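Trainee: In this note's numbering, the protein residues as written are 8 to 330.
Have a look at this one before I ask anything.
As structure tokens, this is what we get:
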């Protein structure tokens with residue numbers, strides 16, 4: 008965001024990433040997650056893109072570490088698409104071992120016995136957080152279930168907290184994933200739910216210079232329109248920036264509903280962006296529903312006609328897709 012735009016609207020900082028906006032829904036999700044983690048099992052937390060899931064989980068991990076009742080473990084690899092069970096097991100060795108550079112055997116049997124011993128010595132429940140779990144292969148999800156069982160058999164306690172987009176939830180509910188899905192406690196994080204308007208006021212008060220009120224830079228009608236059309240903190244912050252930039256371009260202050268209406272995407276609620284927020288791109292849809300890329304693209308544009316369109320739409324709805 009340009010400094011001249013910020014100066015014009017007396018913004019001390021851009022209205023993005025200003026902190027953690029907590030609602031009762033946030034508190035309830037965190038409470039339920041902490042309770043379930045103490046039980047030792049597979050856990051999945053899913054939310055649409057931009058809902059604030061990552062910040063919520065970061066605060067949860069920090070709280071668990073402060074309380075020191077649970078050992079928090081997490082793989083730090085930046086190559087999320089290559090996360091495998093051996094990599095996650097290595098993370099457990101690093102986080103549980105008293106040695107800075109633990110010895111991890113390449114022999115599976117020795118490695119797993121050593122892991123059981125580490126859990127016995129830890130004498131605390133362990134929570135292993137797995138980011139981007141929607142990208143995990145089905146075999147990896149099954150191996151995680153076996154990892155939890157291995158630890159339990161050795162006298163330890165492990166919860167695997169899988170974090171991902173709604174595609175993870177739908178994948179776990181497939182009949183072919185019953186072995187894992189029925190053993191997973193699923194949480195759906197709804198983000199702001201119906202608190203979008205409150206979030207806008209909170210973001211603006213955190214971003215504006217001292218003494219400046221939100222109504223001085225954006226009208227109530229404009230803020231209400233943003234709250235009505237948008238759902239997630241990411242969307243709201245992004246379109247606030249766009250509205251300020253558009254308003255600055257014509258010298259408007261405060262931002263009104265006409266400016267907001269002009270920056271809002273006309274395709275915001277189309278099928279394709281809605282599916283993308285749930286982590287369904289063309290490739291994922293083709294793989295799951297045995298479709299051709301051209302069919303999926305036509306379906307998204309509303310150009311696929313006849314029996315095939317009905318067939319694909321019905322299959323997607325049954326699978327839990329927002330269509």
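Just so it is clear, CB atoms sit at the ideal spot from N, CA and C, and this is done for glycine as well.
These numbers were taken from a predicted model, which means no experiment stands behind them.
If residue 196 sits next to residue 36, beta carbons under 8 Å apart, how far is it from one beta carbon to the other, in whole angstroms?
Mentor: 6 Å
Trainee: What do you get for residue 244, buried or exposed, if any count of 16 or more other CB atoms within 10 angstroms of its CB means buried?
Mentor: buried
Trainee: Around the Cβ of residue 257, are there at least 16 other Cβ atoms within 10 angstroms (buried) or fewer (exposed)?
Mentor: Residue environment for residue 257: exposed (fewer than 16 other C-beta atoms within 10 angstroms of its C-beta).
Trainee: What residue ranges within the region 210-269 form continuous alpha helix (DSSP H) runs of no fewer than 4 residues, ordered along the chain?
Mentor: 227-236 and 240-256
Trainee: I'd like to check one pair, residue 12 with residue 213: are the Cβ atoms closer than 7 Å?
Mentor: no
Trainee: Which of the three DSSP states, helix, strand or coil, is assigned to residue 355?
Mentor: Because the chain is modelled from 8 through 330, residue 355 falls outside the range shown and cannot be assessed.
Trainee: To the nearest angstrom, how far is it from the Cα of residue 182 to the Cα of residue 326?
Mentor: 10 Å
Trainee: Measure the alpha-carbon distance for residue 247 versus residue 313 and round it to whole angstroms.
Mentor: Each residue's Cα considered, the two are about 41 Å apart.
Trainee: Is residue 82 helix, strand or coil by DSSP?
Mentor: Correct three-state label for residue 82: coil.
Trainee: What first and last residue would you give for the alpha helix (DSSP H) that runs through residue 134?
Mentor: Taken as a continuous stretch (DSSP letters only), residue 134 belongs to no alpha helix (DSSP H), being part of the beta strand (DSSP E) at 133-137.
Trainee: Rounded to whole angstroms, what is the Cα-Cα separation between residue 14 and residue 241?
Mentor: 23 Å
Trainee: Can you tell me which of 70, 47 and 315 puts its alpha carbon nearest to the alpha carbon of residue 155?
Mentor: 47
Trainee: Bridge partners of residue 170, per DSSP?
Mentor: Note: residue 170 sits in a beta bridge opposite 52.
Trainee: What would DSSP say about residue 311, mapped onto helix, strand or coil?
Mentor: coil
Trainee: Hey, out of 253, 168 and 234, whose CA is closest to residue 332's CA?
Mentor: Nothing can be reported for residue 332, as the shown portion of the chain is limited to 8 through 330.
Trainee: So residue 86 packs on residue 79, CB below 8 Å; how close in whole Å?
Mentor: Not quite, the Cβ-Cβ distance comes to about 21 Å (not below 8 Å), so this is no contact.
Trainee: Please state whether DSSP places residue 108 in a helix, a strand or coil.
Mentor: coil
Trainee: How far does the alpha helix (DSSP H) with residue 41 in it extend, from its first residue to its last?
Mentor: 31-44
Trainee: Is there contact between the region 257-266 and the region 287-299, where contact requires at least three CB pairs shorter than 8 Å?
Mentor: They do not touch, by the three-pair rule.
Trainee: Would residue 206 and residue 215 qualify as a contact pair, given that the criterion is a beta-carbon distance under 7 Å?
Mentor: no
Trainee: One question on the structure: do residue 149 and residue 92 come within less than 7 Å of each other, judged by their Cβ atoms?
Mentor: Result no, Cβ atoms of residue 149 and residue 92 do not sit closer than 7 Å.
Trainee: Rank 51, 268 and 45 by C-alpha distance to the C-alpha of residue 131 and give the top, closest one.
Mentor: 45
Trainee: In the DSSP assignment, find the alpha helix (DSSP H) that holds residue 97 and state where it starts and stops.
Mentor: 92-103
Trainee: Once the 5 residues before and after residue 303 are set aside, which same chain residues still bring their CB inside 7 Å of it?
Mentor: 289, 292 and 293
Trainee: Bridge partners of residue 165, per DSSP?
Mentor: 133
Trainee: From this set, 29, 20 and 94, which residue's C-alpha is nearest residue 201's C-alpha?
Mentor: 29
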